[in-house]
């Protein structure tokens with residue numbers, strides 16, 4: 098047995114042993130993985146922040162360098178990178194502050210109007226249901242019992258819940274701030290980090306493997322950049338379009354519905370349902386007669402945007418068929434919730450592209466071998 102076959106056999110044996118030990122001690126393995134994830138959570142958050150912020154930052158860097166070339170001079174890399182990062186962070190902060198400044202007053206006004214509306218409409222709905230033979234006495238009794246139970250247990254549970262919420266908030270804020278610091282370091286030194294990783298890969302891996310890793314990495318970065326930029330453009334267009342149509346038809350809460358629609362557009366499939374349901378519920382509380390109109394207007398606007406605007410503005414940004422995109426969203430949502438939905442669609446696009454290219458290459462080689470075999474047979 099030569100060295101290569103011996104190494105392959107030893108690798109298979111070691112893999113089998115590790116797999117067996119892992120499956121027989123699955124709870125221990127999962128606990129260890131969870132501990133490692135908790136330990137590295139700020140790094141993971143920072144990597145995600147850096148990946149997302151790198152999309153507009155890289156675009157600004159290209160714009161600066163192109164402007165420098167048009168002026169006949171080469172701009173230094175470090176100042177351009179720092180300026181691009183600062184502009185990106187400033188733009189995100191301004192967008193968030195602007196959205197909050199626009200939405201918070203309307204949310205406060207909506208809350209002030211919704212509570213009296215609910216107090217006024219709920220008795221009317223109960224009376225309407227009872228007039229049509231619908232018995233709600235059981236539901237009312239259950240709600241009364243639940244209210245009494247909450248009042249009795251409220252003090253102790255409130256203290257415990259407040260402590261849990263405070264601890265979770267502090268941990269989340271700390272991890273987020275630390276992740277943002279890590280993201281800034283990663284973005285400022287991204288070329289150095291990539292060069293060091295490439296040097297390590299070239300020193301320890303075959304050239305073919307390094308080339309494949311670079312191809313997959315570039316494909317993933319390009320796909321995620323297209324997806325994030327495409328979703329951002331779609332969110333702005335869809336939010337403005339929803340606000341305009343709601344105002345045209347005289348529907349209430351146009352600002353909140355448009356803001357939620359644009360915000361939820363970053364979550365494919367699920368986001369449209371959440372924002373639409375929120376708009377219909379708010380309209381139902383304000384004016385039940387307009388609730389069906391709100392639903393029709395919302396669905397029609399979504400249909401127009403998806404069929405005519407999105408394909409031309411963003412269309413095919415990730416190069417994935419709708420069926421595969423829906424499957425990726427379902428799997429990602431089941432595994433990691435909303436974050437999984439957002440990240441699994443580009444991931445599925447990367448996997449789809451790799452499988453497609455590999456399949457086409459194998460078919461091309463097979464056709465070449467068949468043609469070579471036919472040529473040899475003719476010569477004989």
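In this note's numbering, the protein residues as written are 98 to 477.
Positions of the beta carbon are idealized from the N, C-alpha and C atoms, including for glycine.
- For residue 169, the secondary structure class from DSSP, reduced to helix, strand or coil, is coil.
- Between residue 182 and residue 160 the beta-carbon gap is near 14 Å, outside 8 Å, which marks them as no contact.
- Looking only at 157, 188, 144, the smallest Cα-Cα distance to residue 273 is reached by 144.
- Going by DSSP, residue 287 is part of the alpha helix (DSSP H) stretching over 287-301.
- Residue 178 holds the alpha-carbon nearest to the alpha-carbon of residue 284 among 172, 459, 178.
- In the DSSP assignment, residue 336 falls within the alpha helix (DSSP H) that extends over 304-345.
- Each of 364, 322, 377 was checked against the Cα of residue 343, and the nearest Cα belongs to 377.
- Rounded to whole angstroms, residue 452 and residue 426 show a C-alpha spacing of 19 Å.
- Using a Cβ-Cβ distance cut-off of 8 Å, the segment 456-466 and the segment 313-327 are not in contact, since fewer than three pairs of beta carbons, one from each stretch, lie closer than that value.
- Annotation for residue 404: no alpha helix (DSSP H) segment contains it, and DSSP assigns it neither H nor E.
- Using a 10 angstroms sphere on the CB of residue 373, the tally of other CB atoms reaches 16 or more, which defines it as buried.
- Taking 8 Å as the cut-off, the Cβ atoms of residue 447 and residue 317 count as close.
- Membership of residue 355 in the alpha helix (DSSP H) is indicated by the continuous run 351-361.
- The three-state reading of DSSP puts residue 268 in helix, counting H, G and I together.
- Relative to the Cα of residue 281, the nearest Cα in the group 198, 306, 142 belongs to 142.
- For residue 384, the secondary structure class from DSSP, reduced to helix, strand or coil, is coil.
- If you draw a straight line from the Cα of residue 306 to the Cα of residue 300, it is about 12 Å long.
- In this structure, residue 360 sits away from residue 394, with a CB-CB distance that is not shorter than 8 Å.
- The DSSP-derived three-state label of residue 122 is coil.
- Nearest to residue 148 by C-alpha distance, out of 185, 102, 176, 126, is 185.
- Residues of the same chain with a CB within less than 7 Å of the CB of residue 276, apart from the 5 flanking positions on each side, are 139, 142, 143, 146 in chain order.
- The distance from the Cβ of residue 336 to that of residue 351 is about 11 Å, inconsistent with a contact at the 8 Å cut-off.
- Contact check for residue 152 against residue 298 fails: the beta carbons are separated by 8 Å or more.
- In the three-state reduction of the DSSP assignment, residue 116 falls in the helix class.
- Across the structure, residue 221 and residue 386 are spaced so that their CA atoms are roughly 14 Å apart.
- For the pair residue 402 and residue 345, the CB atoms are not nearer than the 8 Å cut-off.
- Note on geometry: alpha-carbon atoms of residue 363 and residue 396 lie some 18 Å from one another.
- Here residue 128 has no same chain residue with a Cβ atom under 8 Å from its own Cβ, once five neighbours each way along the sequence are excluded.
- A straight line joining the alpha-carbon of residue 194 with that of residue 110 spans about 57 Å.
- Residue 106 has its alpha-carbon roughly 56 Å from the corresponding atom of residue 166.
- The same chain holds no residue with a CB closer than 7 Å to that of residue 432 once the five nearest residues on each side in sequence are set aside.
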